[in-house]
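This report refers to the structure that appears directly beneath it.
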Amino acid sequence: MNRARSVVHSARSLILFLATVPTLLGEVSCARTTEIVLVVDTDMVVPTEIDLVDVSIVGPSGPVSPLPSLDLNQSGAPSFPLTLGLLDQGTSSKVTVTVTGRHRDVNQVQTDVAIVEVSTRFVEGQKLMLPIFLSAACLNMTCTDPLAPICKLGKCVPLVIPPWTGKIPQTDQSPTSVGDRALWSTGWRSCATKGQGLYCWGRNMNGELGNGVAGVPSLTRVLVKGLPDGPLKSIGLGYYHSCLCDSATQVWCWGLNDSGQVTGVPTATPQLTPVLVPGVTGCTQIAAGYSHTCAVIGTSVWCWGANDNGQAGQPLTMT
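Residue numbers for the sequence shown follow numbering that gives the first Met the number 0, beginning at 0 and rising by one.
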């Protein structure tokens with residue numbers, strides 16, 4: 000396996016994590032310079048008026064895989080105001096966020112009670128806060144004035160995006176837990192923990208769901224097979240492969256391995272279930288790119304896989 004010390008370079012991605020303000024993680028050394036943090040509040044009462052929140056995102060590369068509804072009635076669920084973080088690595092880019100509040104009656108029928116759609120941009124070098132207010136008075140309102148494009152409490156008001164001064168998780172695929180769960184998402188698939196298990200859904204061309212099957216997408220969650228018991232430290236979702244650090248700080252990867260991004264040695268056959276990456280221990284954080292993987296091992300960063308553009312942090316050999 001080729002390894003090199005390098006600065007972490009994650010694949011361009013748009014990630015959503017969920018957290019309550021009191022449980023936000025502190026900043027780590029690899030600070031990001033471009034981010035938007037959603038803070039969602041409401042004037043409605045939980046659960047008699049609102050008990051579900053959905054977030055959909057259209058980023059620079061198109062729609063992001065939707066996350067499961069946030070059920071505010073579940074044990075350990077956060078309360079308003081909710082802090083929802085969107086991270087983007089790269090230059091300024093447009094993003095449209097739609098937040099929908101729903102109420103579920105005794106017959107489990109869901110009804111939209113508030114919808115807010117906001118289009119804005121990530122700004123390179125800035126950390127911004129995007130406030131979203133869910134109000135029943137705005138359900139059927141459309142704000143057409145470009146100077147007052149967002150509805151709040153039944154009135155169209157200016158969109159104000161102040162600097163974000165709080166602390167949020169700073170890594171691509173390391174979200175804060177919601178109860179006993181954590182969520183990750185890329186453009187083509189999503190994964191979530193439940194108890195001690197990891198579940199994924201979405202595109203599965205090269206076994207990137209880790210359920211032993213390739214070429215068959217899943218519209219419902221499937222269990223990633225063969226992982227050891229215990230909490231997960233970090234997960235990286237690449238374009239066609241996935242990796243994680245387990246509680247014993249070992250690295251497991253699965254999916255496409257044509258550049259050695261899974262095992263460190265290229266193979267023509269995808270890895271359909273997680274395999275232990277040999278020679279890598281002490282992992283505390285991991286990130287997966289298009290066809291390479293990087294992990295924080297102790298105080299160093301190690302990378303393996305493709306290096307055609309220097310993404311593994313090693314000198315290129317031109318022939």
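Even for Gly, the Cβ is constructed at its ideal location relative to N, Cα and C.
- Distance from the CA atom of M128 to the CA atom of I56, rounded to whole angstroms, is 16 angstroms.
- Taking a 10 Å sphere around the C-beta of S246, we find fewer than 16 other C-beta atoms and assign the residue as exposed.
- Counting along the chain, the unbroken beta strand (DSSP E) around V276 starts and ends at 270-280.
- Of the candidates V274, N72, P161, the residue whose Cα lies closest to the Cα of I49 is N72.
- Of all C-beta pairs linking the region 208-215 to the region 150-162, fewer than three are shorter than 8 angstroms, placing the two stretches out of contact.
- Boundaries of the beta strand (DSSP E) around T119: 109-121.
- Put simply, of H240, C293, G297 the residue whose alpha carbon is nearest the alpha carbon of T272 is H240.
- Out of N203, E123, C293, the CA that lies nearest to the CA of C244 is found in C293.
- Between V250 and V223, the CB-CB gap reaches or exceeds 8 angstroms.
- In this structure G263 is in contact with V276, their Cβ atoms being roughly 7 angstroms apart against a cut-off of 8 angstroms.
- Of the candidates W163, G100, D70, the residue whose Cα lies closest to the Cα of K126 is W163.
- The residue among F121, T185, V108, H291 with its C-alpha nearest the C-alpha of P62 is T185.
- The three-state secondary structure of A287, taken from DSSP, is strand.
- Taking 3 residues as the shortest admissible run, the region 126-157 contains the following complete beta strand (DSSP E) segments, listed from N- to C-terminal end: 126-133, 149-151, 154-156.
- Residue pairing for W251: DSSP places it in a beta bridge opposite L243, L275.
- Per DSSP, W187 is not a residue of any beta strand (DSSP E), being assigned neither H nor E.
- For T266, the three-state secondary structure derived from DSSP is coil.
- In this structure, G235 sits away from I296, with a CB-CB distance that is not shorter than 8 angstroms.
- Pairing W253 with L81, the inter-Cα distance amounts to about 33 angstroms.
- W200: member of the beta strand (DSSP E) spanning 196-201, first to last residue.
- When DSSP states are grouped into helix, strand and coil, D70 belongs to the strand group.
- In the structure shown, the three-state DSSP call for P80 is coil.
- Fully contained in the region 207-240 are the following beta strand (DSSP E) runs of length 3 or more, in chain order: 217-222, 233-236.
- In the three-state reduction of the DSSP assignment, W163 falls in the coil class, being assigned neither a helical nor a strand state.
- A straight line joining the alpha-carbon of Q107 with that of V54 spans about 20 angstroms.
- DSSP places T298 outside any beta strand (DSSP E), giving it a letter other than H or E.
- Bridge pairing for V39: L81, I131 [DSSP].
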